[in-house]
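A short worksheet on the structure shown next.
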Amino acid sequence: MHSHTPRIGIIGSGAIGGFYGLMLARAGFDVHFLLRSEYEVVREKGLALDSAVHGNLQMKVQAYASVADMPPCDWLLVGAKATSNDQLAPLIVQAAAPGAKVVLLQNGLGVEEQLRPALRSDMHLLGGLCFICVNRQAPGVIRHQALGAVNLGYHSGPANDGGAALVNEGAGLFRAAGIDSQAMPDLAQARWQKLVWNVPYNGLSVLLGASTTPLMADSHGRALIQALMAEVVQGAAACGHVLPEGYAEHLFQVTERMPDYWPSMYHDHVHKRPLELQAIYAEPLAQARAAGCHLPRMEMLYQALAFIDRGQQTR
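Residue 697 is where the sequence shown starts when you use the working numbering, and the numbers rise one by one after that.
This is the structure we're talking about:
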């Protein structure tokens, strides 16, 4: 296909993949959704969006229960959690057109490194950082509370310009769909920046059973959040990624202005799905430790979450 009419595949059509895929489809792009348990509902009724930003939308989409039925896609957006990357890898390769661009819309560190060996050498791998309050309300129904930006960075592949042109092309697709999207020149730094929010709010929502507003309204909750944010900034710096001055405070203030929100890890916990502990906690802690930096509060939070997760998965 021509570069101006790319075929886009969505691998993992839950809250994240469903939202961005639906926005791209609404804008007129050729979008193909791979689904599992929700296939019958979406095939019959389409996808529904209940958005505080974009309003309500119900739209029939091109839905598939099997990757074998999908056409080869030029861009593949992977919206499933990093915990399922091992199972997703063969599906991604099967759905990929020659020279396909794969965008991991996932949290944490090491997700690209985990997936890269399973991809063909002609495939490009990018990371996508989503700044959005969104969750799956019911089968085929996505609730979008706030924000929505997705920033892209190049990880690896046959690009000879460091991937700059492809990153700009990808960001342009999102912008054409009404989504704010910027090119990130340093993907590793961008992933550390995202951790400044993910580490405190995701973990504390599970450990304390609290959403963002109650956490921010309590002096002990605020102190915990700020201490964890400071540790992530410290870990990033030890690994060679000095974050912008005042970045943690900026995220803190953004969260204060947001509607009350239950982070994605809380939803995984409630539905007894595996928690994204490797990418959001274990890998950053290991990288910081290798750089001679100990992050005790983050380590303690990780250990508590690992205990909860292990108990839940063995029941």
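Backbone N, C-alpha and C define an ideal beta-carbon position, used for all residues, glycine too.
Model, not experiment: these values are computed from the prediction.
Buried or exposed by the 16-neighbour rule on C-beta atoms within 10 Å, applied to residue i
i	result
residue 697	Unreliable positioning characterises residue 697 in this predicted model, as indicated by a pLDDT of 38, which lies under 50. A coordinate reading is not provided.
residue 754	exposed
residue 1075	Here the chain comprises residues numbered 697 to 1011, so residue 1075 is not present and cannot be evaluated.
residue 732	exposed
residue 1003	exposed
residue 807	buried
residue 987	exposed
residue 844	buried
residue 1007	exposed
residue 895	buried
residue 857	exposed
residue 703	buried
residue 851	buried
residue 816	exposed
Through-space distance from residue j to residue i, alpha-carbon basis
i	j	result
residue 699	residue 969	Because residue 699 carries a pLDDT of 46, less than 50, the predicted location of this residue cannot be relied on, and the following value inherits that uncertainty. Roughly 38 Å between the two C-alpha positions.
residue 831	residue 941	31 Å
residue 709	residue 728	10 Å
residue 785	residue 778	11 Å
residue 780	residue 931	26 Å
residue 751	residue 745	8 Å
residue 835	residue 788	23 Å
residue 854	residue 962	38 Å
residue 965	residue 905	10 Å
residue 903	residue 897	10 Å
residue 723	residue 937	36 Å
residue 874	residue 749	11 Å
residue 1090	residue 912	Past the edges of the chain, shown from 697 to 1011, lies residue 1090, and the structure says nothing about it.
residue 813	residue 798	13 Å
residue 741	residue 925	42 Å
residue 767	residue 990	47 Å
residue 950	residue 922	13 Å
residue 837	residue 859	34 Å
residue 1010	residue 992	27 Å
Identified DSSP bridge partners for residue i
i	result
residue 828	843
residue 771	704, 797
residue 752	746
residue 852	821
residue 1032	The displayed coordinates of the chain run from 697 to 1011. Any statement about residue 1032 would go beyond what the structure contains.
residue 873	None; residue 873 has no bridge partner.
residue 838	745, 832
residue 792	769
residue 879	848
Sub-8 Å separation of residue i and residue j beta-carbons
i	j	result
residue 846	residue 891	no
residue 893	residue 947	yes
residue 647	residue 706	The shown model of the chain, from 697 to 1011, leaves out residue 647, and the question about it has no answer.
residue 1034	residue 866	Here the chain comprises residues numbered 697 to 1011, so residue 1034 is not present and cannot be evaluated.
residue 994	residue 927	yes
residue 869	residue 772	no
residue 880	residue 849	yes
residue 971	residue 998	no
residue 984	residue 944	no
residue 829	residue 955	yes
residue 840	residue 715	yes
residue 763	residue 792	no
### Query
Can you list the alpha helix (DSSP H) stretches of 4 or more residues lying completely in the stretch 930–972, in chain order?
943–953, 960–966
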